[in-house]
Amino acid sequence: MELIKHNPNIDFIKYRKVAVFGSLAVNLFVLILLAVRGLNMGVDFAGGSELEAHFTRPVSASDVRKAVESAGFKEPQVQEYGAAEEHAFLIRIGKVSIVTPEQASQVEAAVKSALGTDLADYRFDPDQGDKFEVRTKGGTDTKTAPDEKALRAAIEGKGVGVMGVTVKPEPNGQGFNVEITTRGVASKLETAFSQLNGTGTATANPNDEIIRRIDYVGPQVGKELRNRGIMAVVYAMVSILLYVFFRFDFRFAPGGVVALIHDVVVVLGYYVVSHREFNLIAVSVLLTIVGYSINDTIVVYDRIRENMQKLRGKDFPTIINISINETLSRTILTSGATALSLVGLLFFSVGSIWDFAMAMMVGIITGTYSSIYIASPVTIWLEEQFGRHGHLSGSSGNQKTAAA
Amino acid sequence: MDRAWWAKVLMIVGITAIATWYLIPTFFYFKLPADVRNDTEVLQKALPSWAPSAKHKLNLGLDLQGGIHLVMRVDVDKALRTKTETRTEQIKSTLKDKNIAGAEAKALPDDLRVQLTFNNADSAKSAEKIISDYYQDMHVASGTDTTVLLAFNDQDIKRAKTDAVDQAVKTIRNRVDQFGVAEPEISKRGSDSISIELPGLKDPERVKDLIGQTAQLQFKIVDDDNTEAQNLFSDVQLPPGVTLCARSNHCANAENVPFLQGPDRKVLKELTQGKAPEGDEIALEKQESPGQAPTYRTYLLKSKTEATGENLIDAHAALDQTGGGRPYVSFEWNPLGAQDFERLTENNIRHRMAIILDDQVMSAPVIQSKISAHGQITLGSNKDYNALLAEAQDLSLVLKSGALPAPVTIGEERTVGASLGEELISRGWKSCALGILLVVIFMALYYKLTGVIADLALVLNALLVLAVMALFNSTLSLPGIAGFVLTLGIAVDANVLINERIREETRAGRTPRGAVEQGYGRAFWTIFDAHVTSLIAGFVLRQYGTGPVRGFATTLIIGILASLFTSIVVTRVCVDYLLKNVFAKKISV
């Protein structure tokens with residue numbers, strides 16, 4: 001069987017300028033979008049809210065996931081939690097606060113009027129969840145402790161649901177620390193969960209509450225770990241550059257790395273444009289594409305090197321074009337086979353695994369494209385810019401001078 | 405068939421057999437019910453006696469099988485109270501240094517305040533000035549002419565609380581990593597808790613012990629007075645790179661007791677094995693200087709552990725205010741540790757004390773005077789200021805990573821399901837299997853018989869990767885699977901390269917044997933370069949990456965090596981065999 005004619009003789013090099021400018025435009029677009037809109041960082045990187053939900057009857061994780069998604073929280077992480085008979089789930093969502101500025105000011109007003117002159121410090125940070133932190137002054141005598149019920153009533157009187165109020169004495173004995181969690185996230189989810197639970201409506205009795213707890217969770221991969229990861233990839237690229245430099249020719253190395261960066265940017269583009277969650281799985285996709293892109297480019301380079309020996313007398317762009325044509329069937333076959341292994345995932349999986357497969361698909365396509373239209377044109381361009389003066393191996397340089 | 409061919413066949417069969425053998429524990433692991441299989445003992449019992457030990461099994465990551473979810477609460481209030489006590493001691497010594505007579509400092513830990521009393525208003529005033537210069541995180545809360553009440557600033561209290569939790573996260577992460585649990589998930593939760601998830605462990609008690617402990621920090625006395633040790637190592641055959649430093653051979657840095665120096669820790673360990681005189685032991689110190697590979701030297705220590713780090717509260721780098729700003733490490737003991745340490749230092753003045761962390765000497769300063777609760781480690785002086793400061797900071801970090809900043813308590817402990825979600829995983833497995841099946845069918849259709857051979861190599865490749873991972877008890881998580889997919893892609897690519905080359909050569913009119921020779925010969929360097937570049941990337945990522953990046957890199961490295969073997973050696977053996985008969989006239993590719 002043969003899918004691709006053995007020597008298709010396509011003039012790839014002819015369209016290289018169009019291709020390079022097109023790619024440049026796409027890359028720029030992605031980078032601008034990345035700067036303007038940014039990645040939709042997942043809980044792994046940005047932290048989020050973790051909540052514990054208990055149901056009164058068996059429900060499946062996928063139903064819980066669907067309910068969370070229907071409440072407007074995208075790509076939640078749903079894990080079974082504790083013993084099976086508890087019907088409990090641990091849910092992590094990226095969006096930490098859904099308190100509107102109006103609601104926030106309502107709460108502020110309620111707290112101020114309820115505590116009056118006892119109020120020492122009032123703080124609301126949307127990054128920490130639907131949580132308001134209040135400090136009082138005047139010592140930790142229980143008589144001066146703020147009344148939980150009164151506070152709750154005051155805030156609910158303003159039309160903002162309250163999940164919980166905790167009052168703790170400050171460690172320095174100067175007052176009380178009051179934490180108020182509003183029902184923003186919780187009530188939205190409870191409405192969605194109540195149908196699953198078979199109760200029909202959100203429960204009023206706090207003991208039957210589906211959502212027992214809601215907490216802010218910090219990122220699993222903090223800044224330090226993230227920077228180390230990025231540096232690891234940079235070091236890997238530099239090492240590859242050095243290898244290509246020594247094994248092939250110094251003119252080849254930059255093209256390979258530019259192709260690599262191109263592919264990484266395009267895959268990032270998938271996450272920027274679709275606004276799907278960027279998490280640790282996405283990182284592994286990027287790493288895979290780095291590996292794939294290198295592999296693909298090296299194979300084409302290898303043929304160019306071989307042909308530079310074999311086809312003495314032909315100019316550099318021609319040699320590259322012949323080499324691309326000769327390796328074309330291999331390039332398409334390999335990419336096709338790798339893409340084929342993802343087809344199953346694309347058809348039958350959901351959620352983050354589907355994103356994994358989709359981003360990989362994007363990466364494979366761009367990896368294949370870039371070894372033809374990015375790596376080689378960059379090599380030709382470098383040759384044109386510096387080839388006449390620099391160190392040249394093979395016959396291409398001589399040929400160029402002769403032609404010029 | 406010639407002997408070289410038979411030798412290759414034998415090797416392939418042998419490797420396949422060993423790989424299969426190492427997958428036995430993993431096979432039994434998946435056969436056991438999910439709720440008991442993580443117990444090593446249960447697995448060991450289920451294994452036949454001739455199988456490898458249950459230690460050699462493939463683990464699944466947190467994302468694929470879930471594990472234990474622990475919530476640790478950090479007692480930040482306690483950390484603040486301790487800070488208040490430490491600060492009181494610091495203020496005491498500062499006031500003493502500055503000759504403020506009749507000053508007394510008293511910690512009021514429950515209020516997070518320090519109370520100072522003075523003889524007269526003047527010294528109170530000057531003390532107030534000194535303290536506001538030295539300790540900018542405090543302010544004067546109230547006072548009279550002769551008393552001053554110092555309190556921490558609000559934002560500094562907040563920062564101290566966050567620092568305590570962040571420090572605990574770091575320490576716990578270090579410890580869990582040392583424990584060898586691959587890819588744990590550790591994150592801060594709320595304002596004073598840490599949530600920890602560990603894959604598949606059935607032994608939470610061990611984990612809790614580990615997390616709650618301080619690292620093994622020991623103090624021992626360097627046995628410089630041992631007269632019997634003058635000829636220590638004199639009968640040792642020194643391997644290249646190892647040098648002996650002793651008075652007898654006029655070594656410039658010679659000490660009373662000879663010592664060995666060398667670049668390899670293991671070599672030194674073996675050389676010194678059993679050399680120590682009765683009651684003594686030999687330990688190594690790692691010596692680093694910028695831009696150079698680390699070297700190791702030996703110390704002769706008295707075996708008795710004089711003090712341990714159990715009672716260490718804090719350590720930080722500081723500058724000597726009186727001695728021209730030289731950096732040193734200051735550390736704090738709780739009362740119990742202070743007692744031990746006082747006895748140790750009092751009895752060993754002018755001796756060197758080795759500070760040993762996890763069996764490695766960190767530093768061996770000379771004890772200048774009796775030290776109790778508040779000790780300091782002065783560092784060697786043959787370095788410049790910046791190097792010394794960096795060393796002091798590093799040492800204090802090490803000491804601190806041994807000491808949790810505040811007590812932690814286990815808030816709750818539950819089992820959790822896979823973080824990817826069970827239903828995603830079961831769908832994922834099925835669709836992965838479908839994908840691989842499609843590739844296998846495609847290869848067989850496209851390259852016919854040689855395609856089937858390539859498929860065989862692919863299956864063997866997968867088998868080898870899993871076996872090596874099982875051998876090292878590695879953890880497979882989704883990033884690892886991504887690495888696995890990549891290596892399968894690369895393995896397919898190698899076979900495509902070879903087969904396309906054979907087709908080209910056949911088209912050029914070569915005989916089947918010639919086409920195979922040329923095909924493998926020419927494709928070899930392409931495959932080699934492609935594999936080596938990926939391998940380099942893999943090693944760099946493994947070296948510098950963390951967590952999931954490392955998991956990815958590990959599978960990638962194993963997979964690439966396996967792919968080199970299967971695509972070049974294994975397929976060649978099959979094709980060579982077929983060349984004898986089936987492909988003799990016409991090759992099916």
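Sequence lines, in order, name chains A and B.
Here the first sequence stands for residues 1 to 404, where the numbers follow the numbering used here.
Here the second sequence stands for residues 405 to 993, where the numbers follow the numbering used here.
We put the CB at the ideal spot given by N, CA and C, even for glycine.
Problem set entry | Distance between beta carbons of residue 267 (chain A) and residue 363 (chain A), contact taken as under 8 Å | By 1-based counting over the first sequence, the position of residue 363 (chain A) is 363. By 1-based counting over the first sequence, the position of residue 267 (chain A) is 267. About 5 Å separates the two Cβ atoms, so the contact holds.
For this session: Drop a sphere of 10 angstroms on the beta-carbon of residue 102 (chain A), count the other beta-carbons inside from all chains shown, and report buried for 16 or more, exposed for fewer.
Result: Taking the first sequence and counting its residues from 1, one reaches residue 102 (chain A) at position 102. By the 10 Å Cβ count, residue 102 (chain A) comes out exposed.
Exercise. What residues in the stretch 475-506 of chain B bring their beta carbon closer than 7 Å to a beta carbon of chain A?
Worked result: 481 and 484
Exercise. Taking the runs of the beta strand (DSSP E) that are 3 residues or longer, which of them lie wholly in the stretch 495-569 of chain B?
Worked result: 508-512, 517-521, 542-547 and 551-556
For this session: Determine contact between the stretch 763-770 of chain B and the stretch 628-637 of chain B, defined as no fewer than three beta-carbon pairs at a distance below 8 Å.
Result: no
Exercise. Assuming residue 265 (chain A) contacts residue 241 (chain A) under a Cβ cut-off of 8 Å, what Cβ separation, rounded to an integer in Å, is found between them?
Worked result: Against the first sequence, residue 265 (chain A) aligns to sequence position 265. Against the first sequence, residue 241 (chain A) aligns to sequence position 241. Not quite, the Cβ-Cβ distance comes to about 17 Å (not below 8 Å), so this is no contact.
Exercise. Can you find a C-beta in chain A that's less than 8 Å from the C-beta of residue 916 (chain B)?
Worked result: Position 512 of the second sequence holds residue 916 (chain B). Answer no: the Cβ-Cβ gap between residue 916 (chain B) and chain A never drops below 8 Å.
Exercise. When you compare only the Cα positions, how much space is there between residue 883 (chain B) and residue 283 (chain A)?
Worked result: Start at 1 with the first residue of the second sequence, and residue 883 (chain B) comes out as number 479. Start at 1 with the first residue of the first sequence, and residue 283 (chain A) comes out as number 283. Roughly 8 Å between the two C-alpha positions.
Exercise. Does DSSP put residue 639 (chain B) in a helix, a strand or coil?
Worked result: For the purposes of this step, residue 639 (chain B) is identified with residue 235 of the second sequence, where counting begins at 1. Coil, per DSSP.
Exercise. So, helix, strand or coil for residue 390 (chain B), using DSSP?
Worked result: For chain B, the structure presents residues 405 to 993; residue 390 (chain B) sits outside this window and is missing.
For this session: Mind checking which residues open and close the beta strand (DSSP E) that includes residue 734 (chain B)?
Result: Walking along the second sequence from the start, residue 734 (chain B) turns up at place 330. Counting along the chain, the beta strand (DSSP E) containing residue 734 (chain B) begins and ends at 731-737.
Exercise. At which residue ranges does the stretch 870-934 of chain B contain complete alpha helix (DSSP H) runs of 4 or more residues, listed in the order of the chain?
Worked result: Listed in chain order, the complete alpha helix (DSSP H) runs (minimum 4 residues) inside the stretch 870-934 of chain B are 882-911.
Exercise. Cβ of residue 231 (chain A) less than 8 Å from any chain B Cβ?
Worked result: Counting from 1 along the first sequence, the entry for residue 231 (chain A) is found at position 231. Chain B places a beta carbon closer than 8 Å to that of residue 231 (chain A), counting this residue as a contact.
Problem set entry | Contacts around residue 201 (chain A), its chain only, beta-carbon distance under 7 Å, and the 5 residues preceding and following it disregarded | In the first sequence, counting from the first residue as 1, residue 201 (chain A) sits at position 201. Low confidence applies here, because residue 201 (chain A) scores a pLDDT of 47, under 50, leaving its location unreliable and the question unanswered by this model.
Exercise. Residue 952 (chain B) versus chain A: which residues are under 7 Å apart at the beta carbon?
Worked result: The sequence position of residue 952 (chain B) within the second sequence is 548, counting from 1. Counting only Cβ-Cβ distances below 7 Å, residue 952 (chain B) has contacts in chain A at 280, 283 and 284, in chain order.
Exercise. What first and last residue would you give for the alpha helix (DSSP H) that runs through residue 431 (chain B)?
Worked result: Position 27 of the second sequence, counted from the first residue, corresponds to residue 431 (chain B). First-last of the alpha helix (DSSP H) with residue 431 (chain B): 428-435.
For this session: Go to residue 267 (chain A), then tell me how far its alpha helix (DSSP H) extends in each direction, as first and last residue.
Result: Locating residue 267 (chain A) in the first sequence gives position 267, where the first residue counts as 1. Here the alpha helix (DSSP H) through residue 267 (chain A) covers 252-274.
Problem set entry | Coarse secondary structure for residue 148 (chain A), derived from DSSP in three states | Counting from one through the first sequence, the residue named residue 148 (chain A) turns up at place 148. Reduced to three states, the DSSP call for residue 148 (chain A) is helix.
Problem set entry | Secondary structure of residue 655 (chain B), DSSP reduced to three states | On the second sequence, residue 655 (chain B) is found 251 positions in, with the first residue counted as 1. In the structure shown, residue 655 (chain B) sits in coil (DSSP, three-state: anything other than H, G, I, E or B).
Exercise. Within the 8 Å Cβ cut-off, does residue 990 (chain B) reach chain A?
Worked result: Here residue 990 (chain B) corresponds to residue number 586 of the second sequence, with the count starting at 1. Taking Cβ atoms only, chain A never reaches closer than 8 Å to residue 990 (chain B), which makes this a no.
Problem set entry | Three-state secondary structure (DSSP) of residue 164 (chain A) | Sequence index remark: in the first sequence, residue 164 (chain A) carries index 164 (1-based). Residue 164 (chain A) falls in the strand class under three-state DSSP.
Exercise. In the stretch 241-262 of chain A, which residues sit with their C-beta less than 9 Å from some C-beta in chain C, listed in chain order?
Worked result: No chain C is present in this structure, whose protein chains are A and B.
Exercise. Which residues mark the beginning and the end of the beta strand (DSSP E) in which residue 703 (chain B) is found?
Worked result: Sequence index remark: in the second sequence, residue 703 (chain B) carries index 299 (1-based). Residues 699-706.
Problem set entry | Short Cβ contact (8 Å threshold) for residue 188 (chain A) with residue 98 (chain A) | As a working note, residue 188 (chain A) is residue 188 in the first sequence. As a working note, residue 98 (chain A) is residue 98 in the first sequence. Taking 8 Å as the Cβ cut-off, residue 188 (chain A) and residue 98 (chain A) qualify as a contacting pair.
Exercise. Taking 8 Å as the CB-CB limit, is residue 592 (chain B) close to chain A?
Worked result: On the second sequence, position 188 is the one that residue 592 (chain B) refers to. It does: the Cβ of residue 592 (chain B) has a partner Cβ on chain A nearer than 8 Å.
Exercise. For the alpha helix (DSSP H) that residue 976 (chain B) lies in, which residues bound it at each end?
Worked result: Within the second sequence, residue 976 (chain B) is the residue found at index 572, counting from 1. Here the alpha helix (DSSP H) through residue 976 (chain B) covers 975-984.
Exercise. So is residue 323 (chain A) in contact with chain B if we call contact Cβ pairs under 8 Å?
Worked result: By 1-based counting over the first sequence, the position of residue 323 (chain A) is 323. No, no contact with chain B.
For this session: Could you please give the first and the last residue of the uninterrupted beta strand (DSSP E) stretch that includes residue 471 (chain B)?
Result: As a position in the second sequence, residue 471 (chain B) is number 67, starting the count at 1. First-last of the beta strand (DSSP E) with residue 471 (chain B): 471-478.
Exercise. Apart from the five residues just before and just after residue 859 (chain B), which ones in its own chain have a Cβ nearer than 7 Å to its Cβ?
Worked result: In the second sequence, counting from the first residue as 1, residue 859 (chain B) sits at position 455. Closer than 7 Å at Cβ, skipping near neighbours: 844, 847 and 848.
Exercise. Any C-beta of chain A sitting closer than 8 Å to the C-beta of residue 854 (chain B)?
Worked result: Taking the second sequence and counting its residues from 1, one reaches residue 854 (chain B) at position 450. No, because no Cβ of chain A sits closer than 8 Å to the Cβ of residue 854 (chain B).
For this session: Measure the CB-CB distance between residue 640 (chain B) and residue 665 (chain B) and report whether it falls below 8 Å.
Result: By one-based count along the second sequence, residue 640 (chain B) stands at place 236. By one-based count along the second sequence, residue 665 (chain B) stands at place 261. Going by beta carbons, residue 640 (chain B) and residue 665 (chain B) fall outside the 8 Å limit.
Exercise. Considering residue 364 (chain A), what are the terminal residues of the alpha helix (DSSP H) in which it resides?
Worked result: For this step, residue 364 (chain A) is matched to residue 364 along the first sequence. Run containing residue 364 (chain A): 351-373, per the alpha helix (DSSP H) assignment.
For this session: Could you name the residues that DSSP lists as bridge partners for residue 113 (chain A)?
Result: In the first sequence, residue 113 (chain A) corresponds to position 113, counting from 1. Residue 113 (chain A) is not bridged to any residue.
For this session: Go ahead and label residue 347 (chain A) buried or exposed: buried means 16 or more other beta carbons lie within 10 angstroms of its beta carbon, across all protein chains shown.
Result: In the first sequence, residue 347 (chain A) corresponds to position 347, counting from 1. Flag for residue 347 (chain A) reads exposed.
For this session: Inspect the CB distances between the stretch 445-457 of chain B and the stretch 473-482 of chain B and report whether three or more fall short of 8 Å.
Result: no
For this session: Check whether the Cβ of residue 290 (chain A) lies closer than 8 Å to any Cβ atom in chain B.
Result: By 1-based counting over the first sequence, the position of residue 290 (chain A) is 290. Interface residue, yes.
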